[in-house]
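Terminal number for the sequence shown in this note's numbering: 206, no gaps in between. Cβ atoms here follow ideal geometry from the backbone N, Cα and C, with glycine treated the same way. Since the model is a prediction, treat every value here as computed from it, not as a measurement.
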Amino acid sequence: MISSRSVAELPGIDDVKRISQSIATLDAIMTDEWEYRYFSFDANWGDGEMLATMRDGSGDSYLILFNSFGAIIKGYGHESEMAAYTIDSGKVWRGVLDEVPPEFETVLTDPAFVAEETSFCIWRKYSDSSWQTGKIDFPDSEFVDGSEDLLFMLDGNPNTYHQWANEYYEVSIPLDAVKEVYEHKPLTQQLISRLNSKRRFEDLESDLDQIRYP
-7 MISSRSVAEL PGIDDVKRIS QSIATLDAIM TDEWEYRYFS FDANWGDGEM
43 LATMRDGSGD SYLILFNSFG AIIKGYGHES EMAAYTIDSG KVWRGVLDEV
93 PPEFETVLTD PAFVAEETSF CIWRKYSDSS WQTGKIDFPD SEFVDGSEDL
143 LFMLDGNPNT YHQWANEYYE VSIPLDAVKE VYEHKPLTQQ LISRLNSKRR
193 FEDLESDLDQ IRYP
C-alpha cells in the first residue's frame, strides 16, 4: 500500500500527473456537482504549476503540486494521530515539513495550501531517484498520518477507481471505459455515455480545459 512509510509504491512524477488527470476527468463525468467530486485537477493553477486535489468532504484531503522541478504531495488525515497532535499543539508533527526543498516552498507559504493542515508530506524532484520524506519519528498508532488511506488511488490501477466509484456513486460502470480514460484515449460522447448516460461532451468542455485532458 502507498503511504509515507512506503513511498517506493508511488509511480513516477509524470505517471502521478496522468493518474490525477484521469481520476479528475472520471469524477467530472460521473457528476456535474462539484461538491460531490473527490478528485480535481487544475492545469492552470499558477505560472508553470499544476494542482491535483482530493477532498472527501469529511476533513480528509491531499494536494499535489506539480512544477518544473517535480512534485510534492501534502495530505491531511484529520482523524490520524499526527493530525490530533497538530490540533492540540498548533504545530505540524516534527519532521513532516522540516526538510521540504525550497523548490516546493509554495506549499509552506501560500495561504491557499493551509500548511498547518498537514499530517504527511512526500516530494520528488526530477533529479531525485525516488520519492522523499522528512526524517520522522512516527507514533505507535494504527492510524498514523492517514497517508495509507488517502493515497490508494495513485496506484495507477483502473480497477481501484472502478471499485471505488461503483460504491461511492452507487452505480455500475464498465471497467473497460475506466481503462480508456486512464490510458488518455480520446474522450468521445460514446465513451462519456458509457460512464454516465446523462452527461454530454459540451457540458464537460470547461472541466476538460481545466484538467487539460489530452
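Under the 8 Å Cβ criterion, the stretch 23 to 33 does not count as touching the stretch 66 to 77, having fewer than three qualifying pairs.
In the assembly as shown, M(-7) is an exposed residue. Its beta-carbon has fewer than 16 other beta-carbons within 10 Å. Partner residues in the beta bridge of T45, as assigned by DSSP, are S32 and L55.
For W123, the secondary structure class from DSSP, reduced to helix, strand or coil, is coil.
Assignment of beta-bridge partners to G69 by DSSP yields no partner. The beta-carbon separation of T125 and V(-1), rounded to 6 Å, stays under the 8 Å limit for a contact. The beta carbon of L142 is closer than 7 Å to those of M46, D52, Y54, G67 and G69 in its chain, skipping five residues each way along the sequence. Comparing alpha carbon positions, the residue from G138, Y153, D102 and V92 closest to R116 is V92. Within the stretch 69 to 143, the beta strand (DSSP E) runs of at least 3 residues that lie entirely inside it are, in chain order, 112 to 117. Annotated as proximal: S(-5) and E140, with beta-carbon spacing under 8 Å. Residue state for S(-5) is assigned as strand, using DSSP reduced to three classes. For the pair Q13 and R204, the CB atoms are nearer than the 8 Å cut-off.
Linking E134 to G49 through their CA atoms gives a straight-line distance of about 22 Å. Scanning its chain for C-beta atoms nearer than 8 Å, with the 5 sequence neighbours on each side dropped, one finds around I5 the residues F58, G62, A63, R116 and Y118, in chain order. Counting along the chain, the unbroken alpha helix (DSSP H) around H154 starts and ends at P150 to Y160.
Boundaries of the alpha helix (DSSP H) around S14: I5 to M22. For G62, the beta-bridge partners assigned by DSSP are N59 and K117. For I79, the closest alpha carbon among the candidates N188, I65, E108 and A16 is that of E108.
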